[in-house]
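Shown next, in structure tokens, is the structure this report addresses.
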DNA sequence: TATTAGCACTCAGTAATACCGAGTGCTAAC
DNA sequence: GTTAGCACTCGGTATTACTGAGTGCTAATA
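Residue numbers (the working numbering), protein chains in the order written: chain L, 1 to 340; chain Z, 1001 to 1340.
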């Protein structure tokens, strides 16, 4: 059977109607809803075909139809194909100049959640692709050193290290010089055994200290846990199909734990620029089998990026969501460009 | 009417039973449950008295009794009075030495949530009481300076400042010296106009820069938003009395927003060492009117402390919760002592 | 051949009803 | 002061009937 023009129109009408109401839609509704001027009986025949083709589902014998995952997929693909779905620009209520990364991200998550009425999540840019731009070791106390690492993209990380003896000014200068000479411009992955060995040799008496320092730097950069912020998680209560305690609970757990969701967001083509949509069972993680998840990527600079995700019911307003995400991506891109 | 020994015993029995089951408890249950050897009829008479006195409530004519807020309050006060409710020590699964403040806190919140089966929340220690221990300004780029502020308690804050021109080594040394001379040992509140004016005078050509720096330091320290971490928020679904979407939603919103809850935790006697219990309507905030909230204080050092809160149903296992909190407080205290 | 009107049928949701049982208050007896 | 007994209350559940939205199919129509 072929999916001709008319069937497409009817399918789209069914989906759009269902997106609005969340109720199964019947033939009579479609007959009035569209400008096809067809009777409900004709629509019924077509719907019967569409069901056979797997695009729609009848929850029970005497009910209307709802879109299947396959139906949503077709709909979303059509949406994504016609690129001109521009939305009115949403303004982030943040003045980026003095704000810090984390508050920008929190704000962005909130804006998304409020705008779409779904739950949102945003991850901080991943660090392990960053190169080290600048290192600094400072004596704070007689028994503690402060290490500051600045990465490209101006991400600052710091740590305190305990030492047994106070170090002289000259030693500090020497260590600082050495750290910068050896490590500047390197990626975490590039700090391998041979670099570390060279540094330890150079450090002489302080080779143990250097080991400690490298250790701390490594763990602080590695920090496998991606920082992530969520917002609007209670929005899920707005959708009756998610609003039962079992579903809500697993979903909220996932939003609280974050780990699984960040994995999902980062999973495909790491440097992907596009927008990814997971509809229901398409999602590889259990917690969102009853939802749809839309993810997008924002860029801070070359090779450094974070992800934004929206989690809502299957009957998500994909058009709006995709528009909003496109928008926010640009907004964030420009904020970070300016900031640089 | 007097609250004699027997009435107390019966009240306690009612409360304990209700804590376990969550169902109204009847006279027959109590008659068997206690070792008073009284018939259900006698218990009924006593219950009738207890109701008149306001300690218990009958949800409807033909139901058993449940504790009123006043009843809980009496029970909790009795609990708190006998100090010897020590719990087995709960071990935090964290090796504090290389861990950073935020992961310790997150872990603590999680431990609490898992141990108690309620939702938990923990705030980072408040900064504005901190004295500045050490300041450092570093040129990172030709056009950006890094400021690092270390506060007593070894809390590190940093920020990048944009500058128009590269500064000479000597200038940097001078500025650093000056910042430390003027600001070391000061509280944020003590950095007043007169100190700032003196510094600007001293700074000469760089007075504008100094203003900028002070500004950034101030806003970064001030950061009115207290950092807070929650855990186990989905535990609330375990209690039928909270498990309806309206209640769950407001509660989860509060846990997500955090602001209101941190206010609650910090509200009474700021330096209070004790444990505070808000039962139902006793709570000043709307979101927790159907819950009980127990808060405690942990200390990092002199005058610097954070809060831990547990949010659960009215029929919370107060004994366990108070024990767990006492325990965690000590655990945290010792971790931070050691760390110092 | 495609469309439509008409009709019998299905089935979730809701309202009405009856029933059960846990629990009470009260009275009279111990 | 305590207890046994009994009538009464009332939330919860199961049963039943009813309603209405929606379908599939058939026969008539353009």
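Every residue, glycine too, gets a C-beta built ideally from N, C-alpha and C.
Per-residue burial, residue i [other beta carbons within 10 Å of its own, 16 or more giving buried]
i, result
"residue 102 of chain L", "exposed"
"residue 1119 of chain Z", "buried"
"residue 205 of chain L", "exposed"
"residue 142 of chain L", "exposed"
"residue 1045 of chain Z", "exposed"
"residue 1147 of chain Z", "buried"
"residue 1193 of chain Z", "exposed"
"residue 158 of chain L", "buried"
"residue 133 of chain L", "buried"
"residue 1265 of chain Z", "buried"
"residue 1181 of chain Z", "exposed"
"residue 292 of chain L", "buried"
"residue 307 of chain L", "buried"
"residue 324 of chain L", "buried"
"residue 342 of chain L", "What is shown of chain L runs 1 to 340, which leaves residue 342 of chain L out entirely."
"residue 5 of chain L", "exposed"
"residue 1327 of chain Z", "buried"
"residue 1208 of chain Z", "exposed"
"residue 1041 of chain Z", "exposed"
"residue 1244 of chain Z", "exposed"
"residue 1037 of chain Z", "exposed"
Residue-level contact to chain L via CB, residue i, 8 Å cutoff
i, result
"residue 1182 of chain Z", "no"
"residue 1243 of chain Z", "yes"
"residue 1107 of chain Z", "no"
"residue 1210 of chain Z", "no"
"residue 1256 of chain Z", "yes"
"residue 1327 of chain Z", "no"
"residue 1134 of chain Z", "yes"
"residue 1003 of chain Z", "no"
"residue 1336 of chain Z", "no"
"residue 1332 of chain Z", "no"
"residue 1158 of chain Z", "yes"
"residue 1252 of chain Z", "yes"
"residue 1148 of chain Z", "yes"
"residue 1095 of chain Z", "Low local confidence applies: a pLDDT of 46 at residue 1095 of chain Z is under 50, so the model's placement there is unreliable, and no value is given."
"residue 1249 of chain Z", "yes"
"residue 1059 of chain Z", "no"
CB contact check: residue i to chain Z, cutoff 8 Å
i, result
"residue 286 of chain L", "no"
"residue 234 of chain L", "yes"
"residue 310 of chain L", "no"
"residue 345 of chain L", "With chain L covering only 1 through 340, there is no way to say anything about residue 345 of chain L."
"residue 140 of chain L", "yes"
"residue 154 of chain L", "yes"
Same chain, Cβ closer than 6 Å to residue i, neighbours up to 5 away in sequence not counted
i, result
"residue 1229 of chain Z", "1105, 1106, 1109 and 1122"
"residue 1250 of chain Z", "1287"
"residue 285 of chain L", "260 and 264"
Cβ neighbours of residue i in the same chain (closer than 7 Å, five flanking residues each side left out)
i, result
"residue 1262 of chain Z", "1123, 1226 and 1228"
"residue 1059 of chain Z", "1024 and 1066"
"residue 1216 of chain Z", "1147, 1159 and 1161"
"residue 156 of chain L", "148 and 150"
"residue 1274 of chain Z", "none"
Cβ-based neighbour list, residue i, same chain, cut-off 8 Å, excluding 5 preceding and 5 following
i, result
"residue 211 of chain L", "196 and 200"
"residue 34 of chain L", "9, 10 and 13"
"residue 255 of chain L", "119, 121, 230, 233, 261 and 311"
"residue 305 of chain L", "125, 126, 271, 297, 298 and 299"
"residue 1049 of chain Z", "1001 and 1007"
"residue 1218 of chain Z", "1188 and 1191"
Let me know the alpha helix (DSSP H) ranges lying completely inside the stretch 1145–1201 of chain Z, each 4 residues or longer, listed in chain order. Taking only runs of at least 4 residues, the alpha helix (DSSP H) segments lying wholly in the stretch 1145–1201 of chain Z are 1169–1183.
Query raised in the report: Unbroken beta strand (DSSP E) runs of length 3 or more, entirely within the stretch 1236–1292 of chain Z: which are they?
Result: Every beta strand (DSSP E) stretch that sits fully inside the stretch 1236–1292 of chain Z and reaches 3 residues is listed by chain position as 1276–1279.
For the stretch 133–141 of chain L against the stretch 102–112 of chain L, are there 3 or more C-beta pairs whose distance is under 8 Å? They do not touch, by the three-pair rule.
Check: When the Cβ atoms of the stretch 1273–1284 of chain Z are set against those of the stretch 1063–1072 of chain Z, are three or more pairs found closer than 8 Å?
Finding: Yes: the two stretches touch, three or more of their Cβ pairs being nearer than 8 Å.
Please confirm if the stretch 238–257 of chain L is in contact with the stretch 311–322 of chain L, defined as three or more CB-CB distances below 8 Å between the two stretches. With a cut-off of 8 Å, the stretch 311–322 of chain L and the stretch 238–257 of chain L count as touching, because enough Cβ pairs lie within range.
Would the stretch 165–175 of chain L count as touching the stretch 1181–1188 of chain Z if we require 3 or more Cβ pairs under 8 Å?
The stretch 165–175 of chain L, when compared against the stretch 1181–1188 of chain Z, does not touch it at the 8 Å Cβ threshold.
- Query: What residue ranges within the stretch 1104–1129 of chain Z form continuous beta strand (DSSP E) runs of no fewer than 3 residues, ordered along the chain?
  - Reply: Correct list: 1119–1123.
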